[in-house]
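Only one structure is covered here, and it is reproduced in the block below.
Number of protein chains: 2
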Amino acid sequence: MSKNLKMKSARALSDMTQDELAKRVGVTRQTINAIEKGDYNPTIKLCIDICKTLNVTLNDLFWEDDTNEQPL
Amino acid sequence: MSKNLKMKSARALSDMTQDELAKRVGVTRQTINAIEKGDYNPTIKLCIDICKTLNVTLNDLFWEDDTNEQPL
DNA sequence: ACTTAATGTCAAATATATATTACTTAAAGT
DNA sequence: ACTTTAAGTAATATATATTTGACATTAAGT
Numbered sequence: 001m002s003k004n005l006k007m008k009s010a011r012a013l014s015d016m017t018q019d020e021l022a023k024r025v026g027v028t029r030q031t032i033n034a035i036e037k038g039d040y041n042p043t044i045k046l047c048i049d050i051c052k053t054l055n056v057t058l059n060d061l062f063w064e065d066d067t068n069e070q071p072l
Numbered sequence: 001m002s003k004n005l006k007m008k009s010a011r012a013l014s015d016m017t018q019d020e021l022a023k024r025v026g027v028t029r030q031t032i033n034a035i036e037k038g039d040y041n042p043t044i045k046l047c048i049d050i051c052k053t054l055n056v057t058l059n060d061l062f063w064e065d066d067t068n069e070q071p072l
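Protein sequences, first through last, are from chains U and H.
Using this note's numbering, you'd call the opening residue of the first sequence number 1 and step up by one each time.
Using this note's numbering, you'd call the opening residue of the second sequence number 1 and step up by one each time.
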């Protein structure tokens with residue numbers, strides 16, 4: 001796995017800190033950090049919660065590196 | 001969580017048995033069964049592998065019950 | 001230079017996804 | 001009725017996601 005820059009970007013767009021996002025979705029800051037870092041294999045439920053919190057979809061953040069095109 | 005009928009349907013469309021799908025994605029038949037049954041919270045990597053094998057996307061199988069509309 | 005907030009990272013503990021083995025049921029074919 | 005294949009389900013074991021606690025680093029503000 002590689003870094004999840006899309007997630008980092010979406011979070012930035014929502015102006016949330018890793019800690020804020022973590023609290024919103026009910027996990028630890030370390031977990032969010034690890035997911036963004038990319039060496040994690042999170043649970044689908046967590047992915048969904050993250051997406052909903054960031055107002056994006058699963059495909060936006062976790063589907064294959066169709067390297068870049070979110071509409072912003 | 002509720003039954004993942006979309007996955008069951010996509011698998012049917014690909015004419016694969018639970019066991020075949022399981023082998024293709026490298027897990028156990030019980031795991032596939034449990035996911036379709038709905039009382040499981042699989043890993044994103046597994047979800048992605050399943051989607052690729054069934055030629056659909058994450059949103060198709062695991063994004064919210066926008067209850068029904070895949071093009072078939 | 002000093003703070004502070006955000007992030008990166010690590011080791012050990014806990015929760016939970018998945019494997020293994022095995023038994024049951026449903027449907028279809030003969 | 002019998003056989004076979006696919007599916008449903010359960011108990012215990014193992015692998016791994018996530019937590020907890022703690023410390024290091026980076027960037028920005030003053």
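Just so it is clear, CB atoms sit at the ideal spot from N, CA and C, and this is done for glycine as well.
Out of the options, state which residue places its alpha-carbon closest to the alpha-carbon of residue i.
i, options, result
"Cys51/U", "Lys52/H, Trp63/H, Cys51/H and Thr43/H", "Trp63/H"
"Lys45/H", "Val27/U, Leu61/U and Lys8/U", "Leu61/U"
"Lys37/H", "Gln18/H, Gly26/H, Val27/H and Asn59/H", "Gln18/H"
In the DSSP assignment, the alpha helix (DSSP H) including residue i goes from what residue to what residue?
i, result
"Lys3/H", "Careful: Lys3/H lies outside any alpha helix (DSSP H) and carries neither H nor E."
"Val56/U", "Element bounds for Val56/U: n/a, residue is neither H nor E."
"Asp19/H", "Gln18 to Val25"
"Glu36/U", "Arg29 to Lys37"
Taking buried to mean at least 16 other C-beta atoms within 10 Å of its own C-beta, is residue i buried or exposed?
i, result
"Leu13/U", "exposed"
"Thr31/U", "buried"
"Asn4/U", "buried"
Please check the pair residue i and residue j, which I expect to be a contact at CB under 8 Å, by giving their CB distance rounded to whole angstroms.
i, j, result
"Arg24/U", "Thr43/U", "At roughly 16 Å, the Cβ-Cβ gap does not stay under 8 Å, so Arg24/U and Thr43/U are not in contact."
Interface residues of chain U around residue i at Cβ under 7 Å?
i, result
"Lys45/H", "Asn41"
"Thr57/H", "Asn59 and Trp63"
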